[in-house]
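Enquirer:
Residue numbers (UniProt numbering), protein chains in the order written: chain A, 1 to 267; chain B, 1 to 438.
(1) Considering only the alpha carbon of each residue, which of A:264, A:66, A:4 lies closest to residue 350 of chain B?
(2) Can you list the residues of chain A that residue 326 of chain B reaches, using a CB-CB cut of under 9 Å?
(3) Roughly how many whole angstroms lie between the Cα atoms of residue 367 of chain B and residue 83 of chain A?
(4) Are the beta-carbon atoms belonging to residue 126 of chain A and residue 102 of chain B less than 8 Å from one another?
(5) If you drop the 5 nearest sequence neighbours on each side, which residues of the same chain put their C-beta closer than 8 Å to that of residue 86 of chain B?
(6) Which residues in chain A have a C-beta closer than 8 Å to the C-beta of residue 145 of chain B? List them in chain order.
(7) Report yes if the CB atom of residue 112 of chain B is closer than 8 Å to the CB atom of residue 219 of chain B, and no otherwise.
(8) To the nearest angstrom, report how far apart residue 200 of chain A and residue 176 of chain B are at their CA atoms.
(9) Pair every Cβ in the region 315–329 of chain B with every Cβ in the region 290–297 of chain B, then say whether three or more of these pairs are closer than 8 Å.
(10) Quick test of the definition: if touching needs 3 or more C-beta pairs under 8 Å, does the region 258–267 of chain A touch the region 397–412 of chain B?
(11) Taking residue 62 of chain A as the query, report the chain B residues whose CB atoms sit under 9 Å from its CB, ordered along the chain.
(12) At what residue ranges does the region 221–303 of chain B contain a whole run of the alpha helix (DSSP H), taking only runs of 4 or more?
(13) Can you name the start and end residues of the beta strand (DSSP E) that residue 127 of chain B belongs to?
(14) Within 10 Å of its beta-carbon, does residue 12 of chain A have 16 or more other beta-carbons around it, so buried, or fewer, so exposed?
(15) Among the candidates B:392, B:205, B:362, whose CA atom is the shortest distance from the CA of residue 261 of chain A?
(16) For the alpha helix (DSSP H) containing residue 326 of chain B, list its first residue and its last residue.
(17) At the 8 Å Cβ level, is residue 362 of chain B part of the contact set with chain A, yes or no?
(18) Using only alpha-carbon positions, find the residue among B:56, B:423, B:11, B:422 that is nearest to residue 215 of chain A.
(19) Are the C-beta atoms of residue 263 of chain B and some chain A residue less than 8 Å apart?
(20) Specify the secondary structure class of residue 51 of chain B as computed by DSSP and reduced to three states.
(21) From what residue to what residue does the alpha helix (DSSP H) around residue 183 of chain B run?
(22) Against chain A, with Cβ distances strictly below 8 Å, would residue 117 of chain B count as a contact?
(23) Pull up the DSSP beta-bridge partners for residue 203 of chain B, would you.
(24) Can you have a look at residue 92 of chain B and say buried or exposed, based on whether 16 or more other CB atoms are within 10 angstroms of its CB?
(25) Measure the beta-carbon distance from residue 161 of chain A to residue 194 of chain A and round it to whole angstroms, keeping in mind my assumption that it falls under 8 Å.
(26) In chain order, what residues of the region 12–39 of chain A put their CB closer than 9 Å to some CB of chain B?
(27) Between which two residues does the alpha helix (DSSP H) harbouring residue 209 of chain A extend?
(28) To the nearest angstrom, how far is the alpha carbon of residue 133 of chain B from that of residue 324 of chain B?
(29) Going by DSSP in three states, residue 80 of chain B sits in which element: helix, strand or coil?
(30) Do you know how far the Cα of residue 221 of chain B is from the Cα of residue 234 of chain B?
(31) Enumerate in chain order the residues of its own chain whose CB-to-CB distance from residue 390 of chain B is below 8 Å, with the five nearest sequence positions on each side excluded.
(32) Spell out a yes or no on whether the region 132–147 of chain A and the region 44–54 of chain A are touching, meaning 3 or more CB-CB pairs, one atom from each, closer than 8 Å.
(33) Any beta carbon from chain B within less than 8 Å of residue 132 of chain A's own beta carbon?
(34) Residues in its own chain within less than 8 Å of residue 234 of chain A by CB, not counting five upstream and five downstream?
(35) Determine the burial state of residue 376 of chain B: buried for a count of at least 16 other Cβ atoms within 10 Å of its Cβ, exposed for fewer.
Encoded structure:
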């Protein structure tokens, strides 16, 4: 299928965000853009990106297939993701996933027969303090259980738009893909949707309730000036930055404690 | 139960999280009323080198897990080299257990934007990128709105507040790959490639984005900068410990009464954090926990009084990481928990290096076998052998991280493994769950 003129114009806008000779940086947002029109990344979408960026279809395909948010088959309006990573899992995420899978009659990365819901299990969604969580088009439904999860998908299939616990009111996956391509939220005031959840505010509120604050804060504290003797440091910087890592590993990550754990496990 | 004691409450240090209590702080007008962009005005009046020195003096260390001194990293950027410099914010939060950056960007996005502008001025960068995890749509929505507002007010763009400094800031959404939280994989991804790590050295400080000098910092690191600029290095160091200064957002999840974000002085203990969080859930006793996400070796109830700063946690044989404390009880199985983490590493391995790609694949298979009741004693040796072949041989920290839960759970809970293998514990995985997990 051909892409609309509006999409083509947007693509050029996206490319313009990046340095002129670095247009390939636009590839991830362009793939989100393609998905906003087609609902998935089709061969035509791959070709569209390749032509715009002057790279091969193989190069685009290699990227598109690497990232899980680019879908390779047509999707429904609603992408339902259930976190089954460790924390959500032990708090009930696996039961939610199993129940929804049975209820919808589909497995991971599959779309319901009526074409409305694409279902998947997700790895950690960075909301462990709200677990178990599921998302619809990446908006959070917190502390769900199998029954509430089924209720949410039933509402979706009935054409309703249940309100996420946090975040904005739902939009379709295609509409969301346009935001992922870097476009502003078009719906009036949706940016302001969603109050902060209680877990997010817990520490701050506890401090407030008990009158705890950090003392000694003076916003007028002067910034020390060392003009004149600060220059040589900058010249040596490049050399210092590339000192080989202290251990044998090229990346030099902090494997010391991990090695200790391995050694002790072997005992 | 009774609330936390006063001395424990005083471990709370609401700095980065304080503005979250103002529901509209994400709007620029409200942010400005709450000290917003005051640090930027102050910073632009100072010499960039003095700002780098200020951050060095503050002792600020990276909040993304590795704890590298931030001022030192900024100081590595060669000056007068004729190359463009870049600041890239790593907002690809995804380490299991970690959930501190998303709320910050959602409820106080301008603090990150302000930090980006100050940091870019310090390292002389005219372009900055915030690489935000794709799934974090609401945080990205608020962040994009904040960037637009900042442009409209003249905080971004050309000649910022008459300083002569120019900065363009782009919020770039990822597309669902945990590996892009590794800084060099992030840079490859930002350049439009598969997110796979690069060989280091050269480090990003000289050959980063577009092979130019680049600072890659975590969200929490950059969002700390405006507070240090305002309050000064000494005030910042009044929190935390000598080598781990400042406040830190601890993300508590699991079997506790009140999970959530608790910003405390670095060096707080898990015992104190659990007290702040209202204690363990009724009927649950602490059994194991991660100090900083799943890539940090598990700790146990023996470690309740370990100071949770970079040195303290290292002394206990683990890593402070992202201060994501996932708390598990005697009703949770460390073997099953480790299996689910391994599924994660297997799924997220980028496939570039053999130890991580193959090692995690095989370890997942072994865990499935053990948990379905068909494990053998030899499986335990094979797991440790596999860890031995991943740790230190994987191309980046993802592979190393995968070994943490395996080796530490075997160190503390070998009996649990043996119970599955020797038939004292009922299989945890049914045949159904073994099929099509991915």
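We put the CB at the ideal spot given by N, CA and C, even for glycine. Small disclaimer: the values here were computed from a predicted structure and weren't measured.
Expert: Checking against the coordinates, here is how it stands:
(1) Of the candidates A:264, A:66, A:4, the residue whose Cα lies closest to the Cα of residue 350 of chain B is A:66.
(2) 86, 87, 128
(3) 20 Å
(4) yes
(5) 125, 127, 128, 129, 208, 209, 210, 212, 213, 214, 215
(6) Listed along the chain, the chain A residues whose CB falls inside 8 Å of the CB of residue 145 of chain B are 184, 185, 191.
(7) yes
(8) 23 Å
(9) yes
(10) yes
(11) 193, 194
(12) 233–237, 270–276
(13) 127–132
(14) exposed
(15) B:392
(16) Run containing residue 326 of chain B: none in the alpha helix (DSSP H); it sits in the beta strand (DSSP E), 324–329.
(17) no
(18) B:11
(19) yes
(20) helix
(21) 183–190
(22) So, not an interface residue.
(23) Under DSSP, no beta-bridge partner is assigned to residue 203 of chain B.
(24) buried
(25) At roughly 14 Å, the Cβ-Cβ gap does not stay under 8 Å, so residue 161 of chain A and residue 194 of chain A are not in contact.
(26) 17, 18, 19, 21, 22, 23, 24, 25, 26, 27, 28, 29, 30, 31, 32
(27) 198–209
(28) Computed Cα separation, rounded: 17 Å.
(29) coil
(30) Roughly 17 Å separates the two Cα atoms.
(31) Around residue 390 of chain B, the same chain offers 355, 356, 359, 360, 399, 400, 402, 403 as residues with beta carbons nearer than 8 Å, after the five sequence neighbours per side are excluded.
(32) Result no; under three Cβ-Cβ pairs closer than 8 Å.
(33) no
(34) For residue 234 of chain A, the predicted model reports a pLDDT of 42, less than 50, meaning its position is unreliable; a value from the coordinates is still stated below. Counting only Cβ-Cβ distances below 8 Å, and skipping sequence neighbours, we find nothing.
(35) That one is exposed.
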